[in-house]
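All residue numbers for the sequence shown refer to our numbering, where the first residue is 9 and numbers rise by one.
Following: one structure in structure tokens, then a few remarks.
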Amino acid sequence: MPGLRERLGSIRPTWAEIDLAAFDRNVDALISRIGPAAKLVPMLKADAYGHGAVELAKRCRTDRVGMIGVALLEEALELRQAGIKLPILVLGPLNEEQVRTAVDHDITLGVTGPESLEIIARVARERDVTIHLKLDSGMGRMGNLETDLPRVVELLRSAPRLRLDAIYTHFANASDPKDPFTEQQLARFAMLVETLREAGITAPRTHLSNSAAAMRGIVGGDYVRIGVALLGATAIDDNPLRLEPLMRWRTEIARVKELPAGSPVGYGLTFRTKRLSRIATIPVGYADGYTRRLSNQADVLVRGRRAPVVGRISMDLVTIDITDVPEAEFGDEVVLLGRQGAEEITAEELAAKLDTISYEVFCNVGARVPRVYVDGDDVVAIRSRFA
Ligand SMILES: *Cc1c(COP(=O)(O)O)cnc(C)c1O
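Dropping the structure here:
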């Protein structure tokens with residue numbers, strides 16, 4: 009994007025561009041996938057997996073999005089302080105003080121178990137509290153089990169100011185279309201909802217699906233909770249939707265040197281040139297979340313071509329071999345994640361090298377990396393922890 013560098017003033021040359029127009033297109037694609045019966049719920053926890061929850065939430069129009077989901081009270085308050093008016097669900101659990109603060113800010117509470125419902129019911133003696141009741145249909149982590157339901161029913165009956173707005177569950181393995189466990193979870197969820205209904209407990213809404221389930225077409229319920237797909241990552245192998253990655257993490261060559269064959273590069277001498285080599289140094293490191301485990305493992309993009317990371321990744325610096333990109337020079341853009349010309353480094357590529365998932369690759373991009381929000385040629389916002 010020509011001219012962007014100039015418009016960013018004295019910012020460090022290492023930043024992550026977040027494409028808000030691509031986010032809008034992903035929202036469109038997911039809404040059409042979900043269909044008119046359910047509403048999209050962007051899950052913007054962990055700062056929208058490192059992309060920036062506030063800026064993405066600002067793009068969520070109230071007519072298109074049913075609610076926003078986050079994990080922590082702090083994340084919900086950050087959105088409220090930024091002026092976000094949409095309903096916000098905190099997955100929780102929260103302690104009593106946090107429940108009171110959440111209710112003060114019109115935040116909906118996820119009920120993760122009978123213990124959390126007891127705390128919430130105590131607060132609901134004095135005031136109205138809106139809740140979504142989570143059922144454990146097989147994940148084995150949060151949520152109420154069948155054996156919890158008698159206590160849950162008793163607590164709900166004893167607290168008339170509790171407004172049960174929805175009942176929901178979460179899939180454990182929706183990304184594997186061959187695993188019948190998702191269908192078993194669907195059946196178990198229906199059974200638990202029916203058990204509650206027989207005890208006189210009903211809710212106007214249900215929700216179940218995450219990105220992987222939605223992409224596979226499992227979109228029952230009134231809300232669909234989507235995280236990673238909105239960021240353009242593929243939640244399943246043969247993803248039927250055209251989603252666009254939002255994040256483009258880039259830096260610039262800060263030093264170029266020619267080293268003779270046999271020269272060591274970096275801490276621990278883990279790389280030695282095999283030929284007369286051009287080694288470039290880029291100002292990014294593991295303190296920025298470019299993890300040291302990518303040492304001698306990853307590629308970056310220079311002039312639209314791949315160049316390997318060589319030697320150990322340091323705290324603030326990375327060395328790359330640009331011998332095969334002979335035109336590359338001081339100041340050239342280097343892309344760590346995202347597209348440059350016809351080439352692309354995807355989050356999935358880095359995740360495979362690190363034996364993890366794209367989610368963690370995104371979350372690892374550190375607070376020291378400014379986020380630059382672009383919409384076409386416009387810079388909409390810059391978020392830096394030094395700003
Ligand atoms: C994070 C989260 C989601 C979104 O998951 P994706 O795989 O990113 O779509 C949905 N539901 C719950 C309960 C979550 O914690």
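Just so it is clear, CB atoms sit at the ideal spot from N, CA and C, and this is done for glycine as well.
7 Å CB neighbourhood of residue i in its chain, flanking five on each side removed
| i | result |
| --- | --- |
| residue 265 | 287 |
| residue 236 | 57, 219, 243, 366 and 367 |
| residue 383 | 28 and 29 |
| residue 254 | 26, 27, 30, 31, 59, 239 and 240 |
| residue 324 | 291, 293 and 295 |
| residue 375 | 393 |
| residue 269 | 281, 282, 283 and 284 |
| residue 120 | 100, 101, 142, 150 and 151 |
| residue 68 | 50, 76 and 94 |
Contacts around residue i, its chain only, beta-carbon distance under 6 Å, and the 5 residues preceding and following it disregarded
| i | result |
| --- | --- |
| residue 359 | 365, 366 and 369 |
| residue 397 | Shown here, the chain extends from 9 to 395; a query on residue 397 therefore has no answer. |
| residue 169 | 132 and 136 |
| residue 307 | 314 and 316 |
| residue 379 | 24, 26, 60 and 391 |
| residue 272 | 280 |
| residue 79 | 53 and 99 |
| residue 320 | 274, 275, 276, 278 and 303 |
| residue 55 | 61 |
| residue 227 | 42, 46 and 217 |
Bridge-paired residues (DSSP) for residue i
| i | result |
| --- | --- |
| residue 307 | 316 |
| residue 175 | 141 and 214 |
| residue 388 | None, per the DSSP bridge assignment. |
| residue 77 | 51 and 97 |
| residue 24 | 257 and 379 |
| residue 346 | 353 |
| residue 279 | 273 |
| residue 288 | 264 and 328 |
| residue 341 | 260 |
Whole-angstrom distance between residue j and residue i, CA atom to CA atom
| i | j | result |
| --- | --- | --- |
| residue 332 | residue 315 | 8 Å |
| residue 39 | residue 48 | 6 Å |
| residue 146 | residue 103 | 25 Å |
| residue 155 | residue 354 | 43 Å |
| residue 153 | residue 107 | 22 Å |
| residue 277 | residue 322 | 12 Å |
| residue 283 | residue 267 | 8 Å |
| residue 157 | residue 112 | 28 Å |
| residue 392 | residue 313 | 29 Å |
| residue 274 | residue 311 | 24 Å |
| residue 305 | residue 298 | 12 Å |
| residue 37 | residue 341 | 31 Å |
| residue 15 | residue 134 | 52 Å |
| residue 90 | residue 171 | 26 Å |
| residue 34 | residue 252 | 7 Å |
| residue 357 | residue 395 | 32 Å |
| residue 259 | residue 83 | 29 Å |
| residue 344 | residue 11 | 20 Å |
| residue 144 | residue 178 | 7 Å |
| residue 86 | residue 13 | 29 Å |
| residue 161 | residue 88 | 31 Å |
| residue 66 | residue 116 | 19 Å |
| residue 18 | residue 195 | 56 Å |
Cβ neighbour criterion (16 or more within 10 Å) applied to residue i
| i | result |
| --- | --- |
| residue 166 | exposed |
| residue 183 | buried |
| residue 210 | exposed |
| residue 70 | exposed |
| residue 199 | exposed |
| residue 338 | exposed |
| residue 50 | buried |
| residue 24 | buried |
| residue 192 | exposed |
| residue 100 | buried |
| residue 221 | buried |
| residue 93 | exposed |
| residue 301 | exposed |
| residue 149 | exposed |
| residue 303 | buried |
| residue 250 | exposed |
| residue 329 | buried |
| residue 336 | buried |
| residue 233 | buried |
Own chain partners of residue i with C-beta closer than 8 Å, once the 5 adjacent residues on each side are dropped
| i | result |
| --- | --- |
| residue 388 | 28, 63, 381 and 382 |
| residue 203 | 154 and 157 |
| residue 181 | 187, 189 and 190 |
| residue 229 | 46, 176, 213, 214, 215, 216 and 217 |
| residue 174 | 140, 141, 211, 212, 213, 214, 215, 230 and 231 |
Length at least 3, wholly inside the region 205 to 266: the beta strand (DSSP E) runs in chain order: 213 to 215, 231 to 234 and 255 to 260
3 or more residues per run - each beta strand (DSSP E) lying fully within the region 102 to 171: 116 to 119 and 137 to 142
Any heavy atom of ligand 2 within less than 7 Å of residue CB: hits in chain order: No copy of ligand 2 appears in this structure; the ligands present are ligand 1.
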